[in-house]
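Protein sequence lines correspond, in order, to chains A and B. Going by the working numbering, 372 is the number at position 372 of the first sequence; the sequence numbering is gapless. If you want the working numbering, it's the position in the second sequence, counting the first as 1, plus 1000. Where is the CB? At the ideal position from N, CA and C, for every residue including glycine.
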Amino acid sequence: MSDQTGNSSRSVTTIAGRVVRITLLVLSLALVAWAFVRVGVREVFHAAGGDDRTELVVMHWSGDGGPAEDAIVDRALARFEEANPGIRVTRLNPGDAGSFYTKLQTMMAAGDPPDVFYVGAERLAAYADAGLLLSLDERTNSNSTAEDFNLQDFYPSTVDAFRFEDGQVGSGSLWGIPKDFTTVGFYYNRDLLEQAGVPEPSSDWTWDDFIASARAVGKLPECTGAEFVSWASMVRAVLWTEGTDLIDAEGNIRADDPRVIEVLDRIRSWRHDEDGTLTSGRSETANPASRFLGGKLGFAGPFGRWVVPTYRTIEDFQWDYAPLPRGETSANMIATVAWSISSRTEHPEEAWQLVSWLTGATTQAEQAELGLAVPTNRMVAEGDSFIDPSTPPSRDRDFIEPVEHARVVPWSTNPALEGTVAKRLDQALRTGDLSVKDALGQAGDWWDQERNSPLASTTLPGMPWLWIVGVFIVGIVIALAIGWWLLRRNRPDPASATEERSGWLLVSPWIIGFILFMAVPILLSLALSVTRWSGITTLDEADFVGLGNYGHLLGHDDVFWRSLEVTGVYALLAVPIGQVVALLGAVLMNVKIRGVSLFRAAWYLPSILAGVGMAVLFRWVFNAENGLMNVILDPVLSPLGLEPPDWFVRDAENFGGPAFAIMSLWLVGGSMMIYLAGLQNVPRSLYEAAEIDRAGPFRRFFSVTLPMISPVILFNVIMSLIGSFQVFTQAFVMTGGGPGDHTRFYVLYLYNQAFDFYEMGYASAMAWLLLLIILGLTMLTLRGSARLVHYEGLR
Amino acid sequence: MGRWTGRFLVGLALTIGSVAMLFPLWWMLVISLESPQRAGAAAEGGGSIAVWPEEIHWSNYSEALKQIGTEPWQGFFDALANSIVITVLVVIGTVLSSSLVGFAFARINFRGRKFMFLVMLATMMLPAQVTMIPLFLVFRSLGWIDTILPLVIPAFFGSAFFIFMYRQFIAQISESLIEAARIDGYGMLGIWWRIILPMCKPVTAITAIFTFIFVWNDFLGPLIYLHSDDQSTLALALNSFRNQYGGLENVHLLMAVSVVTMIPCVVLFFAAQRAFVEGIGAGAVKG
């Protein structure tokens, strides 16, 4: 009876299962067919050309401007298309400035850059130097120039920011037309200043006025005098007002200059020796500009115009803006962005037409209403669309007037300089970990080391490609000759000759693939690793640096060592813990209990979903104090008087890498399945024998199971060790390597070098070091385990 | 300790482990279905854990998918179609080429076979990063950047791991079958197509499944080779969606897109569970 019901219910489930299966199959086939048709139609349409208008690709960002800036550019382009029916404009907006530059450089490396794009003044030297931009010298007067464009109307210092010649910014050829700019200064809370009884700053105020007012506001209950950011460019602008600079004309850091130290020590002392004058450097808020919104801060700066759209949402108090205070002299800095044209554009005439349109008076006036920056066209800047006393800040002119004594902050073409100076200044002026003298000394030493690095030489010999290709060809000829001779030596009989031919034929896909996708790339990679070469140019421009890349990596690159440390710590945590969990799971699942296949599925499922989606999810799991992980950890830790860490922000230095190791526990399913298969291969008779000897379950595990599956353990350990040195997607998606370099995994840094900085030679050297590290670790593991692994388990 | 307590403890440990494994995925599903305010609160925790959506908002999914890329819906459809096309082509390429080469290594006698087989095994140790940059340069010089070709074409030249699996399996097939086919006048290609491939179904299933999962989840490859919105894969599209909608106020949309990118692998997993479980063990332990 029961047997029968069992049978019939089983047949019902089989039929249901079959129906589900067939439906799924039909659905997925339909989906695949749809996908191929969609992609096929698109590619055929592309190949056919589709449109006979000239196509210009335009790329920009919309960081602080948000959707409003996006809309303004879109509108300007639509008007342009209307006025020029022969041109079609495709607009790309990757989001913020960071994503913009990543995408721009990837497109440049691929040899397919947009025709027209934004370039910030700080990147101009590097791009112009690499020959990526079209010179605009002869274009500014050409016939295709937009009617409302006249370079004479522009503030000269903004235009000069995009002149570059012979390694010097500021004069020479013109490479971009500035679309807007800003000078910097302090935003102030009018209500608090009034309460403290200090006058509003004049346009010609001094640092003494500034600090007196900040001290007065700091005396008010719960208030702080000022937020004073110590960003590297801002600090240099402050030094300019005292008639000095952090970096001298030869590009050296003035680490011993008493005047520099005096000025910086003054800022440091305002923050660390006085109470309430400057904000504490210890408290962490993502964005210093947003502290002003709380209404408890007298001054905030030095900031440019970019915070205005955000500050206009303030309703609780009155605020306004004053330019950078005066010291011995008046000075200010300019931040500006230009529209530039790619040197590779096929339509330079049309591209210039568009650039002059986008920087012409009409478009600038539209942009000005956004309030995000100052128009570079003098007429527009001083007209009604920008000067508008009815909306704060009422002192719009204080953004314009300092332009007379303002200039762009010149940084070296080596992007690492600004980053390192910024880090050290942060330690000296904000957190106070280092004295000013030590911080400058460290930055100076680092910079000397960087400039003495084998890569810093400006006169490197070209890469002897002819030689390399020659040696390569000779090598191949010799190898072929040896192979042919070996084959000739013992000629097979005719029957096996046909078999031999078909053998080679059938293996040929792999041989061709091996040569094309393995052997040649590996040799090319080795050759590249002794060059310095930006991937944006062609290979014959590569410079030969010998072992310079390796020398620089090992002796001059802190980020490299940090990335090794992050990856090593991750491996040390993730491999042992992961393998123990996987083995434990497998041992438990090897017990005959009901529903074991469900458990198996549950443990295995997350590991096959390891992609961007999983990374997105775990970014939120490890979110701040309130993510899923910390909500669970809190009740466990709080009785011990501990707090769960802020994994990827405040505590990233110690907990960033370990967070990735914890995440890797969700991905142990693959290893676990391999253990399970290994466990099922252990002969039953061994356990029976052990049972006769009265061995308990633990004894059985350690004396029978463990030795028998030791080869499987070795296999899994090696595989997961290799895997842990190749972590990329999680780090790229979850943290991008930050904050600082606390989660910059090795392969992520390699990717950054190759595809963000275009140091293809340097990245190739990193790849070769990775290969050596992995080989070394595998050897060590094999050696170290030789006595522990018991090979009887593997027949 | 009795037999039953032992089993109970094992069951308990496995249950706790399973809950821990699956809960983040469930939490993601819950957030993707919550209203924007509740999703934000759930993601921020606030001392409690969202176990069940208060109200189910299926519209989150259409709202989220619509916003992928620059044109409504088209971005999602393009990404989905691209992911499917790339994955299917790579699976077909890997199965055909790996089985062919595996067959040759297992069954055909030719001089140099052993040497080449060793070289092939050695290539498995090579981290992909070593060839990443030169391959990028090669494909760039071919003008293949921003097309699916760099992601698809190499699959047609065999994958060392799967060649190895096919070889191990084919080596166990009885010689008499192949001999009989040879007497019937089949050439080596005929034997491979008519005899070997049909007999290799278990290995083919494993190869197809693992290749599918790997390619579907791959991020670094598409990140390097594809730039345009209309060439993007789902993994790339999800990453750009995260760039634009990464904030707390959009967490329900972000989770919804993440769930969608995971669905194909989950369906495949449940449809082919047996092949999965048997395959992974068979592949590795014999090695």
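| Check | Outcome |
| --- | --- |
| Neighbour-count burial assignment, L358 (chain A), 16 or more Cβ in a 10 Å radius | buried |
| Counted within 10 angstroms of its Cβ, other Cβ atoms place K219 (chain A) as buried (16 or more) or exposed | exposed |
| E227 (chain A) versus S390 (chain A): straight-line alpha-carbon distance, rounded | 26 Å |
| G298 (chain A) beta carbon less than 9 Å from that of G225 (chain A) | yes |
| Test: M1120 (chain B) CB closer than 9 Å to a CB of chain A | yes |
| Under 8 Å by beta carbon: chain A residues contacting H1227 (chain B) | K103, T106, M107, A110 and D112 |
| Cutoff 9 Å: T778 (chain A) Cβ touching any chain B Cβ | yes |
| 9 Å Cβ cut-off: residues of chain B touching Q726 (chain A) | P1127, A1128 and Q1129 |
| L706 (chain A) to V789 (chain A) span [Cα, whole Å] | 9 Å |
| Distance, S597 (chain A) Cα to F1164 (chain B) Cα | 28 Å |
| DSSP state of R38 (chain A) mapped onto helix, strand, coil | helix |
| DSSP-derived helix/strand/coil call for S703 (chain A) | helix |
| Partner residues on chain B for V747 (chain A), Cβ-Cβ distance less than 7 Å | Q1129 |
| Range covered by the alpha helix (DSSP H) that runs through E227 (chain A) | Element bounds for E227 (chain A): not the alpha helix (DSSP H) but the beta strand (DSSP E), T224 to F228. |
| Stretch pair the segment 585–604 of chain A + the segment 1242–1259 of chain B: three plus CB contacts closer than 8 Å | no |
| Cβ-based neighbour list, N630 (chain A), same chain, cut-off 6 Å, excluding 5 preceding and 5 following | P644 |
| First through last residue of the beta strand (DSSP E) which encompasses G251 (chain A) | Taken as a continuous stretch (DSSP letters only), G251 (chain A) belongs to no beta strand (DSSP E), as it is neither H nor E. |
| Helix, strand or coil at K179 (chain A) according to DSSP, with G and I counted as helix | strand |
| Residue of A:P309, A:F117, A:G444 and A:P323 minimising C-alpha distance to P402 (chain A) | A:P323 |
| Per-residue DSSP class, three states only, for W61 (chain A) | coil |
| Inter-residue CB distance, S144 (chain A) and E349 (chain A) (contact presumed, cutoff 8 Å) | 5 Å |
| Cutoff 9 Å: G1187 (chain B) Cβ touching any chain A Cβ | yes |
| Chain-ordered neighbours of P606 (chain A) on chain B, where CB pairs are closer than 9 Å | M1021, L1022, P1024 and L1025 |
| For T781 (chain A), the three-state DSSP class (helix, strand or coil) | helix |
| Buried or exposed (CB count within 10 angstroms, at least 16 for buried), L124 (chain A) | buried |
| Candidates A:G243, A:T277 and A:T362: closest to E328 (chain A) by CA position | A:G243 |
| Contact with chain A by C1200 (chain B), beta-carbon distance below 9 Å | no |
| Extent of the continuous beta strand (DSSP E) run through M518 (chain A) | From DSSP, M518 (chain A) is part of no beta strand (DSSP E); its letter is neither H nor E. |
| Proximal residues of chain B, C-beta to C-beta of V585 (chain A) below 8 Å | Correcting the residue type first, residue 585 (chain A) is Gly in the shown sequence and not Val. L1014 and G1017, listed in chain order. |
| Residues that DSSP places opposite F186 (chain A) in a beta bridge | A:A322 |
| For W339 (chain A), three-class secondary structure by DSSP | strand |
| Beta carbon proximity, F732 (chain A) to chain B, threshold 9 Å | yes |
| Exposure label - H1227 (chain B); buried when at least 16 CB within 10 Å | buried |
| Inter-residue spacing [alpha-carbon to alpha-carbon] between Q152 (chain A) and M379 (chain A) | 11 Å |
| Outcome for N452 (chain A) when other beta-carbon atoms lying within 10 angstroms are tallied against a minimum of 16 | exposed |
| Buried versus exposed call for R305 (chain A) [16 or more other C-beta atoms within 10 Å across all chains shown] | buried |
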